[in-house]
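Below: the structure, in structure tokens.
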Amino acid sequence: MIYTIKSPALLIIGILMLLWGGLNTSGSLDGVQSYLQKSAYNHHMTVKTKHEFEARAAKDIAATEGKPAPAEMKMPASRFDAAKDEQAKIVNIFGGTFLLIGLFTLLWKPKHGDLDYFISTVPGIAFILLIVVVVRWVLDPIFGNWGGDVQAAGILSWNFARIFNLNHIVLGIVAGMVIVNVFKIPAWASNGVRTARLGLKTGVILLGTLYSAKELAQLGMLSVVMIGIFVLGSVGLVLLIGRLKKLPNSMTGVLSAGMGVCGVSAAVAAAPVVQAKAEEIAYTIGTVLIWGVGCMFLFPTVGHLLEMGPVQFGAWAGTGILNSAQVAGAALAFDPNGIETLKVAEIFNITRVLFLPIIVLWLAAWYMKHEVGAEKVDLKQVLVSKFPLFVLGFIGMFALSTMGVFAPSDHYQGKYFSSAEVKQDKLISGKALRALDGELTRLRGAEDAPVLSKFLLDKAVVIKDHKVTTEEVYKAFGELIANKKMMTRDQSYILFAVSKLEGLDPGAKGAIDNAKRASEFDSPAIKAYRDWLVWLFGFGLVGLGMQITGKSLKQAGGMPLVIGGVVGTIKAVGSLIVVMLFVKEFI
Amino acid sequence: MHTIKQALITLVSSGFLVASGGAFAQAAPETPAKVPAGIKVTLIGAKEVQDLQAKGATIVDTRRANEFAEKSIKGAISVPYDPEKSAKTPDGVFDSSLDKFDLTKFKDKNAHLVMFCNSGTCFKSYKGAVVAAKAGYTNVYWYRDGLPDWTARKLPTE
């Protein structure tokens, strides 16, 4: 069978991308881009102002000294220029590739084989990428600006784009849903669209590079306890209700795995154990999908309304939402530009998947007990063949990351602390040193020492399991003044906490902020990973949207949907309460 | 036929994109070139700042604390106009009740106060000066060109 479909679509996508790149490079799109990239454009204006002032001052100085006017200086590049270059680079690489493959497809006579199959996936990949690019570079900023403008104009007291998460992640999923349900996926794209899932799984695997053992130690226990309670709890609840409502044991079994563990893959893994029929798996997947899609859009909105932090939201989404892809979708929808929420959510997600073997064993025992004449199934074989591979990939990447392959192994939230690498021009200078000195003397004084002491207690500034004392603060101050930079992460942590003290001299506060920032570094490898991750997830999630068809949602129905809804709601609300009560944000 | 349709859509949409550039073009607003009538704030340049400083005026850096700590006019003090949530409009009208500016740092209402920030699109010094003048300070100056101009003239910074 020949998969490649002759269509000029790929060629046209290539040309469109190259056009965007070319117009950006030539500056024809500066007007549009200044609207789309407001913050970068503001930086551009700052650089421009500085440049104009320098030119004017140089002219003034030359005039007073009676020298001829200096030659025109070249304006340095701004973040706006860099952002445009970056966009141009990305679309030129992809657009060029698509153009060439598009030409090749039109001229080539496809033969049966691997090459034919690979080529047939390219137009679909290009199609999704084009959507991702448009959503991320055009729609996302338009909605962002719109939300901000409406708020600034006083029409709404809140930013609707932020509260409803109208960012590139959600818009990408919605775009996928609209395309598949309204326009249908074009035939030339259908093969490539299927690769989207691969993008998501690869994203989760690469996410493993962003964790360190230290972070896991903080989250590990919490995730095991929460997941343990809610996963096992919801499996048990489905089994109980299923028995009460007299559903077939196979249906109840597969639904419990789907609602408890991680949706689709759990349902598939549990199916042979409880000898579920194909339509029972379809019912379960439909139920999980309906529930998950709802959660994916609802969770981030609730998260913003309750003003949850990244750890809280990540813990909630990772526990309450069923499917790995939807967990990623909700976490990124909540916080599209940071990876922090996604990281926490995925730890919970992975922990949940790791419960899969336990659930499968439980279901096997349960099924044997309740089903008359149940056949014995080879459990080991089921576990090995159905265990999601990407979880192993994630764990492998995490192991490499902990060994320090990508960045110094103590990197925290993708950043690592280094005193030795602080640049010379970032050392604290005279005025700021005097401010710090003044504050140290003041805070030691009889009047202010109790204020500091009370502040440390109220804010529960804790380090290595003990409360920070005023003596430790004085020492941290003293060392900052002596060394003109932060020497240890603990010192940086203590001083950053104290910098929030009401009434602290702005000069001293600024010096602490600057010193903290100067000692924190992004590993280039980690930074590149982060960028690619957001692209991979964007790609995967547009593809996810394309799988949410009316037909697949209709597969659910009847009693399984009711039970799924009841258990899912209990789990979501229960985990929300637990998170709000017990999960605190780390500084 | 289908191909021609696709090509047409491509052409039209890219044409629209370029054309819309003009409509979108809206630079971030700059501070008013003059102090609005009725507000007792004097607009000054680098030369006057130096003269005022020599006579003992207070030079006020209205930017954020960490910006001040990094580099500022030598001898300036930091009174951040922060947070700044009010609108930035070319006519200079804003609602100062949305912002915070700690006037208690200036004890004497007759003291000479020079406000500056990053010039151009930075409204903090303008707003700070207006807030101070409205609060009854009689000798308020606004160094509109601010630190970029000061630095460009290679005047003393710290």
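Protein chains in written order, with the numbering used here: chain A, 24 to 610; chain B, 272 to 429. Positions of the beta carbon are idealized from the N, C-alpha and C atoms, including for glycine.
**Report entry** Whole-angstrom distance between A:Y26 and A:S143, CA atom to CA atom
**Finding:** Here residue 143 of chain A corresponds to residue number 120 of the first sequence, with the count starting at 1. Here residue 26 of chain A corresponds to residue number 3 of the first sequence, with the count starting at 1. Each residue's Cα considered, the two are about 6 Å apart.
Query raised in the report: If we cut at 9 Å on Cβ distances, does A:M68 have a partner in chain B?
Result: In the first sequence, residue 68 of chain A corresponds to position 45, counting from 1. So, interface residue.
Query raised in the report: Can you give the beta carbon distance from B:V312 to B:A404, rounded, assuming they're within the 8 Å contact cut?
Result: In the second sequence, the residue the question calls residue 312 of chain B occupies position 41. In the second sequence, the residue the question calls residue 404 of chain B occupies position 133. 5 Å between Cβ atoms; contact.
Requested in this report: Return no unless some Cβ of chain B is closer than 9 Å to the Cβ of A:A86.
Outcome: Counted from its first residue, the first sequence places residue 86 of chain A at position 63. For A:A86, the answer is no, since every Cβ of chain B falls outside 9 Å of its Cβ.
Query raised in the report: Quick one: what does DSSP say B:F295 is sitting in, helix, strand or coil?
Result: Residue mapping note: residue 295 of chain B aligns to position 24 of the second sequence, counting from 1. Note on B:F295: pLDDT 45, under 50, position unreliable in the model; the coordinate value appears next. Collapsing the DSSP output to three states places B:F295 in a helix.
Requested in this report: Scan the region 350-375 of chain B for residues whose Cβ lies nearer than 8 Å to a Cβ of chain A and list them as they occur along the chain.
Outcome: Within the region 350-375 of chain B, V350, P351 and A358 place their CB atoms closer than 8 Å to a CB of chain A, listed in sequence order.
Report task. Please work out which residues of its chain come closer than 6 Å, Cβ to Cβ, to A:W339, disregarding the five sequence neighbours upstream and downstream, and give them in chain order. Result -> If you number the first sequence from 1, residue 339 of chain A lands on position 316. Excluding positions up to five away in sequence, the list reads S598, L599 and V602.
Query - Buried/exposed call for A:E462, threshold 16 Cβ in 10 Å - result: Position 439 of the first sequence, counting from 1, holds the residue named residue 462 of chain A. When all chains shown are included, A:E462 counts as buried.
Query raised in the report: How many Å lie between A:S273 and A:L262 at the Cα?
Result: Within the first sequence, numbered from 1, the residue matching residue 273 of chain A stands at position 250. Within the first sequence, numbered from 1, the residue matching residue 262 of chain A stands at position 239. Roughly 10 Å between the two C-alpha positions.
Query raised in the report: Between A:D460, A:I35, A:V376 and A:P133, which lies nearest to A:S246 when the distance is taken from Cα to Cα?
Result: Counted from its first residue, the first sequence places residue 246 of chain A at position 223. Nearest of A:D460, A:I35, A:V376 and A:P133 to A:S246, Cα basis: A:V376.
Query raised in the report: Taking the alpha carbon of A:A455 as the point to measure from, which residue in B:I348, B:F365, B:K398 and B:L314 has its own alpha carbon closest?
Result: For the purposes of this step, residue 455 of chain A is taken as the residue at position 432 of the first sequence. A:A455 has its Cα closest to that of B:I348, out of B:I348, B:F365, B:K398 and B:L314.
Query - Three-state secondary structure (DSSP) of A:E462 - result: For the purposes of this step, residue 462 of chain A is taken as residue 439 along the first sequence, with counting starting at 1. DSSP, read as helix, strand or coil, puts A:E462 in helix.
Query - Sufficient close CB pairs (3 or more, under 8 Å) joining the region 169-185 of chain A to the region 587-595 of chain A - result: Pairwise C-beta distances place the region 169-185 of chain A out of contact with the region 587-595 of chain A, as fewer than three of them are shorter than 8 Å.
**Report entry** Alpha-carbon spacing of A:L123 relative to A:G167, whole angstroms
**Finding:** Working through the first sequence from its first residue, we reach residue 123 of chain A at position 100. Working through the first sequence from its first residue, we reach residue 167 of chain A at position 144. Taking the CA atoms as reference points, A:L123 sits about 35 Å from A:G167.
Requested in this report: Determine the closest residue to A:G125 out of A:F141, A:I36 and A:A176, with distance taken between C-alpha atoms.
Outcome: Numbered from its first residue, the first sequence carries residue 125 of chain A at position 102. Residue A:I36 is the option with its Cα nearest to A:G125.
**Report entry** Check whether A:A565 and A:A351 have beta carbons under 9 Å apart
**Finding:** To locate residue 565 of chain A, count along the first sequence from 1; it is residue 542. To locate residue 351 of chain A, count along the first sequence from 1; it is residue 328. In the sequence as displayed, the identity of residue 565 of chain A is Val instead of Ala. One thing to note: A:V565 has its Cβ no nearer than 9 Å to the Cβ of A:A351.
Query raised in the report: Is it the case that the Cβ atoms of B:F387 and B:T333 are separated by a distance below 9 Å?
Result: Within the second sequence, the letter at position 116 stands for residue 387 of chain B. Within the second sequence, the letter at position 62 stands for residue 333 of chain B. Taking 9 Å as the cut-off, the beta carbon of B:F387 is found closer than this to the beta carbon of B:T333.
Query raised in the report: Residues bridged to B:T329 by DSSP?
Result: Mapped onto the second sequence, residue 329 of chain B falls at position 58. For B:T329, which the question treats as bridged, DSSP gives the partners B:L384.
Query - Partner residues on chain B for A:S542, Cβ-Cβ distance less than 8 Å - result: In the first sequence, residue 542 of chain A corresponds to position 519, counting from 1. Residues of chain B passing the Cβ test: none, with the nearest at roughly 14 Å.
Query raised in the report: In three-state terms, what does DSSP make of A:V284?
Result: As a first step, residue 284 of chain A must be located in the first sequence, where it is residue number 261. Looking at A:V284 - three-state DSSP - the assignment turns out to be coil, as it is neither helix nor strand.
Report task. Starting from A:D536, follow the alpha helix (DSSP H) in both directions and report where the run begins and ends. Result -> The residue labelled residue 536 of chain A in the question sits at position 513 within the first sequence. That run of the alpha helix (DSSP H) goes P529 to A541.
Query raised in the report: So with Cβ pairs under 9 Å, would you call B:A296 a contact of chain A?
Result: For the purposes of this step, residue 296 of chain B is identified with residue 25 of the second sequence, where counting begins at 1. Note that B:A296 scores 43 on pLDDT, short of 50, meaning its location in the model is unreliable and no value can be drawn from it.
Query raised in the report: Once you ignore the five residues that flank A:V521 on each side, which residues in its own chain have a CB closer than 7 Å to its CB?
Result: In the first sequence, counting from the first residue as 1, residue 521 of chain A sits at position 498. Cβ neighbours of A:V521 beyond the five flanking positions: V496.
Query raised in the report: Taking Cβ positions, are A:G533 and B:A336 nearer each other than 9 Å?
Result: Taking the first residue of the first sequence as position 1, residue 533 of chain A is located at position 510. Taking the first residue of the second sequence as position 1, residue 336 of chain B is located at position 65. Yes.
Query raised in the report: Where does B:T392 fall in DSSP's three states?
Result: Numbered from its first residue, the second sequence carries residue 392 of chain B at position 121. In the three-state reduction of the DSSP assignment, B:T392 falls in the coil class, being assigned neither a helical nor a strand state.
Query - Backbone CA spacing between B:Q433 and B:R415 [nearest angstrom] - result: For chain B, the structure presents residues 272 to 429; residue 433 of chain B sits outside this window and is missing.
Requested in this report: Assuming A:S213 and A:L386 form a contact by the criterion Cβ under 8 Å, report the distance between their Cβ atoms to the nearest whole angstrom.
Outcome: As a first step, residue 213 of chain A must be located in the first sequence, where it is residue number 190. As a first step, residue 386 of chain A must be located in the first sequence, where it is residue number 363. 35 Å between Cβ atoms; not a contact.
Query - Between the CA atoms of A:G44 and A:A80 - distance to the nearest angstrom - result: For the purposes of this step, residue 80 of chain A is taken as residue 57 along the first sequence, with counting starting at 1. For the purposes of this step, residue 44 of chain A is taken as residue 21 along the first sequence, with counting starting at 1. C-alpha separation (whole angstroms): 36 Å.
Query raised in the report: Looking at the C-beta of B:E429, does it have a partner C-beta in chain A at a distance below 9 Å?
Result: One-based indexing of the second sequence puts residue 429 of chain B at position 158. It does; some Cβ of chain A falls within 9 Å.
Query raised in the report: Of all Cβ atoms in chain B, is any one closer than 9 Å to the Cβ of A:T72?
Result: What you label residue 72 of chain A is simply residue 49 of the first sequence in a count that begins at 1. So, interface residue.
Query raised in the report: Looking only at C-alpha atoms, which of A:A149, A:A100, A:N372 and A:V296 sits nearest to A:L230?
Result: Here residue 230 of chain A corresponds to residue number 207 of the first sequence, with the count starting at 1. Of the residues A:A149, A:A100, A:N372 and A:V296, the one whose Cα lies closest to the Cα of A:L230 is A:N372.
Report task. In the DSSP assignment, find the unbroken beta strand (DSSP E) run with B:Y412 in it and report its ends. Result -> As a working note, residue 412 of chain B is residue 141 in the second sequence. Per DSSP, B:Y412 belongs to the beta strand (DSSP E) from N410 to Y414.
Query raised in the report: To the nearest angstrom, how far is it from the Cα of A:M582 to the Cα of A:P271?
Result: Along the first sequence, read from residue 1 onward, the residue named residue 582 of chain A stands at position 559. Along the first sequence, read from residue 1 onward, the residue named residue 271 of chain A stands at position 248. When rounded, the distance between both Cα atoms is 11 Å.
**Report entry** Nearest-angstrom Cα separation, counted from A:F440 out to A:Y140
**Finding:** In the first sequence, counting from the first residue as 1, residue 140 of chain A sits at position 117. In the first sequence, counting from the first residue as 1, residue 440 of chain A sits at position 417. Rounded to whole angstroms, A:Y140 to A:F440 spans 47 Å at the Cα level.
Query raised in the report: Is it right to say A:G50 is buried, meaning 16 or more other beta carbons lie within 10 angstroms of its own, or is it exposed?
Result: Along the first sequence, read from residue 1 onward, the residue named residue 50 of chain A stands at position 27. Classification for A:G50: exposed.
Query raised in the report: What residues in the region 152-171 of chain A bring their beta carbon closer than 8 Å to a beta carbon of chain B?
Result: So nothing in the stretch comes that close.
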